[in-house]
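What follows is one structure encoded as structure tokens, with my remarks underneath.
Next comes the structure, spelled out in structure tokens:
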């Protein structure tokens, strides 16, 4: 799936080809007609140009820039557009977008791509436009299902323990993950890394095995120390960790790869008594994110946040997309509005439900809806997988990366998820704020942002209708309309228009 081409050639577009592409775009996607008010009067232009990028579910267009739209002056029928954007009514500040550098992803990048292919891929993923401009990354502490082997950072022979963590090491990470992280940080020094363990060392667990089991209460302080050792080790390689979760999917015990149950009571104890105090004085600061599991159980993070000692150390809640819906984020936000929300894992795959592609699913249901339910950032699962959905050591055998690498040639295919994320990550800058944009009656879903320092306005719209739909947009004295193709995603960007009246105080209510 996805568009396949040699990554080393991704920027090599000749001027002739570019002119041809623009000519074709002009034929197939003409500028919309000037906006007419309810009396039929054609409104004069404001001089503001709206830039437009389109992707279609049939893959005919993939983040293709369209001819600019000339905005029109607003008439007397103020507020009648389908989308009315109010820059004074603000919500959360955005941190960013990204994916997970699993062991499998790092191994493929280091072992199945040439140096030129590797450099081109990392610049495309983490460099500024025309790159994706990813600025977030999730890594695993020890093995996940997307590793070449099962391991933790302090494995001992059966029957032996290491409470002093004398055998702690990051030898496996030194092979691939750490070098790739250093390469990425050279491209994007402001990278925000979230780290999550899949299992404690077997000697800390009821199962005495990396598979299944739970953490023995007697080893809770040692487990907190284990996580601090990880932070120290990576700091020594010049890799700062932005945020830490206590356990990946703590309510799930997988049968084929490392995992561990960690109850809400145990999480509250570890955070409140051990990990929180240990991290409180660290510089640079590493945040603690709670939960790190699905939307279907908001009572789980609420239970930990109800513990006053743990609450003081929890900066926010990490969410996964595999059960429930994003409204769970708003449930927690209403109870604890000072706690951030992040979508830290969601994977696409070659399963039956994806036979018609996943562009709209990820752009609308995952990214847009998690953001409209207070997420400050969204992180996809594997950054890179091969054509056989791996390598993996148990777990998901149909998952896709943001890109798929051909293990024989090192060439990549850009999957639907790549383009869904690109519609956000290339335009919504770190520090942007989500702003009020209302709800349309046209079947088009949308979310709006203003970039930092009173910067550009960004509107992402998803037309899930089976036919083209005309969308009218109003922001300040800027007004325009656009015919969205059937089953498409569009990103619009323009310089903000002046409001008609002094803006009210910014609101934080949804």
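Residue numbers (my numbering): -19 to 490. Just so you know, even glycine gets a beta-carbon here, dropped at the ideal spot from N, CA and C.
Between which two residues does the beta strand (DSSP E) holding residue i run?
i           : result
residue 382 : Element bounds for residue 382: n/a, residue is neither H nor E.
residue 356 : 355 to 362
residue 270 : 267 to 274
residue 351 : No beta strand (DSSP E) holds residue 351; the alpha helix (DSSP H) holding it covers 349 to 352.
residue 436 : First-last for residue 436: undefined, no H or E at that position.
With H, G and I counted as helix, E and B as strand and the rest as coil, what does DSSP make of residue i?
i           : result
residue 471 : strand
residue 444 : coil
residue 476 : coil
residue 187 : coil
residue 240 : coil
residue 79  : strand
residue 177 : strand
residue 207 : helix
residue 254 : helix
residue 118 : strand
residue 277 : coil
residue 196 : coil
residue 150 : coil
residue 65  : strand
residue 225 : strand
residue 220 : coil
residue 136 : coil
residue 391 : coil
residue 306 : coil
residue 47  : strand
residue 233 : coil
residue 172 : strand
residue 325 : strand
residue 408 : coil
residue 5   : Model confidence at residue 5 stands at a pLDDT of 36, short of 50, so the residue's coordinates are unreliable and nothing is read from them.
residue 259 : helix
residue 396 : helix
residue 201 : helix
Do you know whose CA, among the options, lies nearest residue i's CA?
i           : options               : result
residue 231 : 97, 194 and 36        : 194
residue 441 : 434, 467, 432 and 458 : 467
residue 140 : 184, 335 and 389      : 184
residue 137 : 190, 356 and 164      : 190
residue 450 : 465, 369 and 291      : 465
residue 132 : 151, 118, 144 and 143 : 151
residue 269 : 202, 81, 247 and 84   : 247
residue 93  : 433, 432 and 383      : 383
residue 378 : 330, 210, 454 and 128 : 330
residue 257 : 205, 83 and 323       : 205
residue 373 : 186, 322, 157 and 129 : 129
residue 115 : 315, 336, 333 and 174 : 174
residue 325 : 64, 43, 78 and 90     : 78
residue 351 : 309, 360, 318 and 391 : 309
residue 337 : 40, 27 and 31         : 40
residue 121 : 146, 177, 105 and 143 : 177
residue 237 : 182, 287, 63 and 250  : 182
residue 156 : 82, 342 and 403       : 82
residue 345 : 443, 320 and 196      : 443
Residues bridged to residue i by DSSP?
i           : result
residue 313 : Paired residue(s): none; residue 313 is not in a bridge.
residue 320 : 296
residue 459 : 52 and 454
residue 35  : 469
residue 366 : 385
residue 449 : 464
residue 90  : For residue 90, which the question treats as bridged, DSSP gives no partner whatsoever.
residue 70  : 415
residue 129 : DSSP lists no partner for residue 129.
residue 30  : 49
For residue i, report the span of its alpha helix (DSSP H) as first-last.
i           : result
residue 426 : Careful: residue 426 lies outside any alpha helix (DSSP H), inside the beta strand (DSSP E) at 424 to 430.
residue 247 : 244 to 249
residue 159 : 157 to 167
residue 491 : The first residue shown for the chain is -19 and the last is 490, placing residue 491 beyond what the model contains.
residue 41  : Taken as a continuous stretch (DSSP letters only), residue 41 belongs to no alpha helix (DSSP H), as it is neither H nor E.
residue 289 : 288 to 291
residue 101 : 95 to 106
Quick one: is residue i near chain D, going by C-beta distance under 8 Å?
i           : result
residue 179 : Structure shown: chain D not included; a single protein chain is present.
Can you find a heavy atom of the ligand SAM that lies under 7 Å from the Cβ of residue i?
i           : result
residue 122 : The model on display carries no ligand, and the ligand SAM is accordingly not part of it.
Three CB pairs or more closer than 8 Å across the stretch 294 to 304 and the stretch 261 to 280: yes
Contact between the stretch 65 to 78 and the stretch 355 to 370 (3+ Cβ pairs under 8 Å): yes
Per the contact definition of three or more C-beta pairs closer than 8 Å, is the stretch 153 to 161 in contact with the stretch 74 to 90? yes
Do the stretch 398 to 414 and the stretch 425 to 433 meet, that is, are 3 or more Cβ pairs less than 8 Å apart? These segments touch.
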